[in-house]
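Residue numbers (numbering that gives the first Met the number 0), protein chains in the order written: chain A, 0 to 179; chain B, 0 to 434.
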Amino acid sequence: MPAREGTYGLLAEFDTPGDLVRAARQAYQDGWRRLDCYTPYPIEEAAEAIGFHRNKVPLVTLIGGLMGGAAMFALETWISVLAYPINSAGRPTYSWPAFIVPAYEWTILWAGLSAGFCMLALNHLPALYHPLFNAPNFRDGATTDKFFLCLEALDPKFDLVQSRSYLEGFKPLSVVEVEY
Amino acid sequence: MAHDSHASSHAKQLPVELGAPAFVDGWRNRALLIGVIFSVIAVILAFLAQAVDPEHLGWAHFLRAWTLGLTLTWGFSIGGLTMLMVQYCSGGKWGLLLRRPLEAMSRTWPLIVLYFLVVAIFVKRLYLWAKISDPEAALRSHLISEIQAHCIAFKRPMLNIGAFWWVSLLCFAIWAFYAIRLNALGLKRDTQGPETIPYWIKKFENISGLGILIYSITMTACAIYWVMSMDVTWFSTVYGLLYLVEQGFQVLAFAIIVVLSLSKAEPFKTILRQTEQHDLGKLTFAFVMLNIYLAFGQFLIIWSGNLPLEINWYLDRIRGGWGVIITLDFIFHWLVPFTLLLSRNLKRNKRRLVLVCQFMIFAVAFNLFWLIEPNFKDAARNLHFSWGILEYIAVPVAMTAFWVAYFCRQLKARPLVAVNDPHLAEILEPEHAIA
């Protein structure tokens with residue numbers, strides 16, 4: 000991907016999560032869609048305020064788990080019935096109770112791995128660079144005690160001057176322009 | 000969320016009136032009515048089955064179904080007592096939420112004693128080891144098999160009528176002690192100020208920690224005497240643990256139903272948050288998993304061993320039509336609650352969560368039917384219809400209904416919210432803190 004240039008967005012800094020949630024909710028109501036909240040700890044209201052949406056992680060986890068279970072069960076069946084049929088204490092070669100435990104373990108394993116990798120993929124991780132790291136106040140505050148709202152330049156409503164005054168209407172500590 | 004989140008930065012106010020809402024009396028009356036109706040049905044069925052069924056086992060089925068009812072309501076009552084002790088040890092907001100309903104469940108123990116007395120009085124009609132006083136003679140007259148004769152003679156020091164009575168009554172005495180003590184202290188705690196909280200937390204932890212240990216032993220003893228000993232030849236070391244998990248399963252399901260139904264009015268309308276409802280759903284899910292883990296583990300070990308001593312217990316419950324019941328048991332008891340409780344949306348939806356919990360209680364009773372009925376010679380490997388078998392619906396429904404009525408009475412007896420607890424402030428806060 001070629002390096003982007005220009006403005007990534009406008010970053011408003013708040014002191015409390017309440018101020019952030021109020022600003023985010025208002026911005027979403029005013030039609031902003033390319034916006035994001037950055038907080039030092041999870042705030043579910045912030046996610047709801049900017050249009051909380053479901054993602055595909057649960058579905059991928061379910062499919063991964065089912066596939067893992069089915070794969071192991073099929074493998075065991077193939078081994079015991081077709082590849083190496085062994086008479087074990089006179090039991091039928093297809094002895095499903097004995098297959099359950101490994102199949103179950105693989106269900107858990109594949110569900111876990113699917114959830115983890117799906118989460119990383121949907122988050123576009125690993126990412127070595129993010130434009131917001133250009134803002135010094137973001138670097139200092141985002142992981143400690145400050146709450147940020149970013150209106151991104153990709154939003155059709157974005158206008159450097161008007162959007163700045165719009166954000167200043169929320170009485171943030173500061174509004175900074177972030178470059179790519 | 001309300002638009003004016005300025006206001007939501009303040010905690011909600013606990014209502015002044017903390018008593019149970021008036022509709023609990025309505026529940027009680029409805030439960031009493033159902034109890035009376037099903038009692039009448041149960042008696043009619045017993046007479047009918049005695050007269051019409053070829054085996055003439057009407058009253059025998061009545062007693063077997065009574066054991067099911069006893070085990071089920073015992074699970075609610077003593078299981079409730081144990082969950083009360085667990086939440087005292089673990090802490091947590093879910094515990095504060097459930098505390099008063101669990102206390103009310105634990106205070107129903109006198110009714111369980113009453114239910115038990117019926118089993119104890121008719122012990123000779125329910126248990127082979129009680130009926131057969133001379134195994135040698137019974138073997139010669141082909142009443143029992145050789146292995147049964149051996150087991151009855153060998154297990155006589157434990158499986159005799161005196162021990163049955165005394166062990167059960169001792170267990171009841173211990174549970175009653177814990178129920179009375181915890182309930183009395185629970186009320187006393189609320190009369191004192193917040194400065195006493197550290198003292199009370201320690202105090203309840205100390206009582207409950209030992210109580211949980213003693214419960215697991217006494218509960219195992221009663222599960223063995225009341226249900227497992229119906230088949231004298233069989234034993235399983237995980238049996239007590241299975242009942243323990245089953246009690247957690249049914250107690251949480253029942254407690255969720257109670258709490259969500261109470262939330263239609265104050266004070267639960269104020270203190271029940273979606274967060275804790277979700278937590279309770281997750282905890283219930285854990286018990287669903289633990290239950291199938293133990294139940295399948297027991298099956299897998301016995302299936303792998305394939306010993307004539309052990310495997311017959313399962314064959315009695317799989318062959319001759321019982322395969323349908325064990326399959327349905329698997330579906331009702333694990334597959335349905337597991338798949339439904341996986342859903343985050345369902346756990347956060349009051350109406351649907353209540354429906355799942357009601358179904359789970361039905362599944363517990365269904366599982367007990369599968370455990371109890373094949374113990375008897377006429378039913379082992381031979382599932383067949385008789386009028387008597389319908390007692391398994393009538394008697395437990397009546398007994399559970401009377402238990403629910405008694406529970407509702409206990410629920411009204413004291414305020415629904417324990418106030419002298421640090422979690423109370425947290426539970427009154429908005430769902431997610433906004434500074």
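No residue lacks a Cβ here, since even glycine has one placed at the ideal position from N, Cα and C.
Buried or exposed, going by whether 16 or more other CB atoms sit within 10 Å of the CB of residue 450 of chain B? The structure shown does not extend to residue 450 of chain B, since chain B spans only 0 to 434, so no value can be given for it.
Look up residue 315 of chain B in the DSSP assignment and say whether it is helix, strand or coil. helix
Can you check whether the C-beta of residue 170 of chain A is within less than 8 Å of a C-beta belonging to chain B? No, no contact with chain B.
Given a threshold of 16 other Cβ atoms within 10 Å of its Cβ, counted over all protein chains shown, does residue 394 of chain B qualify as buried or as exposed? buried
Using only CA atoms, which one of A:177, A:81 and A:89 lies nearest to residue 303 of chain B? A:89
Under 9 Å between beta-carbons, which chain A residues line up against residue 299 of chain B? List them in chain order, please. 96, 97, 99 and 100
Do you know offhand how far residue 70 of chain B's Cα is from residue 113 of chain B's? 13 Å
Just how far apart, CA to CA, sit residue 277 of chain B and residue 351 of chain B? Per the coordinates, the alpha-carbon of residue 277 of chain B lies some 12 Å from the alpha-carbon of residue 351 of chain B.
Would you say residue 88 of chain A reaches chain B, if we count a Cβ-Cβ gap shorter than 8 Å as a contact? True, the Cβ-Cβ gap to chain B drops below 8 Å.
Between which two residues does the alpha helix (DSSP H) holding residue 135 of chain B run? According to the DSSP assignment, residue 135 of chain B belongs to the alpha helix (DSSP H) that extends over 134 to 139.
Give me, in chain order, the residues of the same chain whose beta-carbon lies closer than 6 Å to that of residue 324 of chain B; leave out the 5 immediate sequence neighbours on both sides. 369
Secondary structure at residue 175 of chain A, three-state DSSP: helix, strand or coil? Residue 175 of chain A: strand per DSSP, three-state reduction.
Less than 8 Å between CB atoms is the rule here; does residue 305 of chain B satisfy it with respect to chain A? By this cut-off, residue 305 of chain B is an interface position.
When you compare the segment 198 to 218 of chain B with the segment 102 to 122 of chain B, are there three or more beta-carbon pairs, one atom per stretch, that lie closer than 8 Å? no
Spatially closest choice to residue 51 of chain B from B:384, B:396 and B:402, by CA coordinates: B:384
Roughly how far, in whole angstroms, is the beta-carbon of residue 215 of chain B from the beta-carbon of residue 247 of chain B, given that I think they are within contact range, below 8 Å? Wrong, their Cβ atoms sit about 11 Å apart, outside the cutoff.
Measure the Cβ-Cβ separation of residue 404 of chain B and residue 30 of chain B and say whether it is below 8 Å. yes
Let's test the definition: count the other Cβ atoms within 10 Å of the Cβ of residue 167 of chain A and tell me whether it reaches 16, buried, or not, exposed. Exposed: under 16 other Cβ atoms inside 10 Å.
Contact set between residue 302 of chain B and chain E, taken where Cβ atoms lie within less than 7 Å: The chain inventory of the structure shown lacks chain E, comprising the protein chains A and B.
Starting from residue 247 of chain B, follow the alpha helix (DSSP H) in both directions and report where the run begins and ends. Run containing residue 247 of chain B: 238 to 261, per the alpha helix (DSSP H) assignment.
Using 10 angstroms around the beta-carbon of residue 286 of chain B, count the other beta-carbons present and answer buried if the total reaches 16, otherwise exposed. Looking at its Cβ environment, which holds 16 or more other Cβ atoms inside 10 Å, residue 286 of chain B is buried.
Ordered along the chain, which non-local residues of its own chain (more than five positions away) have a Cβ less than 6 Å from that of residue 73 of chain B? 111
Inter-residue Cα distance where the pair is residue 158 of chain B and residue 91 of chain A: 38 Å
Got a sec, what are the start and stop residues for the beta strand (DSSP E) residue 6 of chain A sits in? Run containing residue 6 of chain A: 6 to 13, per the beta strand (DSSP E) assignment.
Determine the contact status of residue 211 of chain B and residue 85 of chain B, defining contact as a CB-CB distance below 8 Å. Taking 8 Å as the Cβ cut-off, residue 211 of chain B and residue 85 of chain B qualify as a contacting pair.
Please give the ranges of any alpha helix (DSSP H) in the segment 85 to 145 of chain A, keeping only runs that are unbroken, at least 4 residues long and fully inside the region. Counting only runs of 4 or more, we get 95 to 121 and 135 to 140.
Taking the straight line between their C-alpha atoms, what separation do you get for residue 160 of chain B and residue 47 of chain B? As the crow flies, the alpha-carbon of residue 160 of chain B is around 30 Å from that of residue 47 of chain B.
Roughly how many whole angstroms lie between the Cα atoms of residue 99 of chain B and residue 163 of chain B? Looking at the two C-alpha atoms, the distance is approximately 32 Å.
May I ask you to report which of helix, strand or coil DSSP gives residue 158 of chain A? coil
Determine contact between the segment 32 to 51 of chain A and the segment 10 to 23 of chain B, defined as no fewer than three beta-carbon pairs at a distance below 8 Å. no
In terms of residues, what are the limits of the alpha helix (DSSP H) holding residue 27 of chain A? 16 to 28
Answer with yes or no whether the minimum CB distance from residue 1 of chain B to chain A is below 8 Å. Here the model assigns residue 1 of chain B a pLDDT of 39, short of 50, so the residue's position is not dependable and the matter cannot be decided.
Can you name, in chain order, every residue of its own chain whose Cβ lies under 8 Å from the Cβ of residue 163 of chain A, other than the five neighbours on each side? 9, 174 and 176
Residues of chain A with CB closer than 8 Å to the CB of residue 406 of chain B, please, in chain order. Under the 8 Å cutoff, chain A gives no residues; its nearest Cβ is about 35 Å from residue 406 of chain B.
If I follow the unbroken alpha helix (DSSP H) through residue 114 of chain B, where does it start and stop? 108 to 120
Between B:283, B:235 and B:258, which lies nearest to residue 244 of chain B when the distance is taken from Cα to Cα? When each option's Cα is compared against that of residue 244 of chain B, the closest is B:283.
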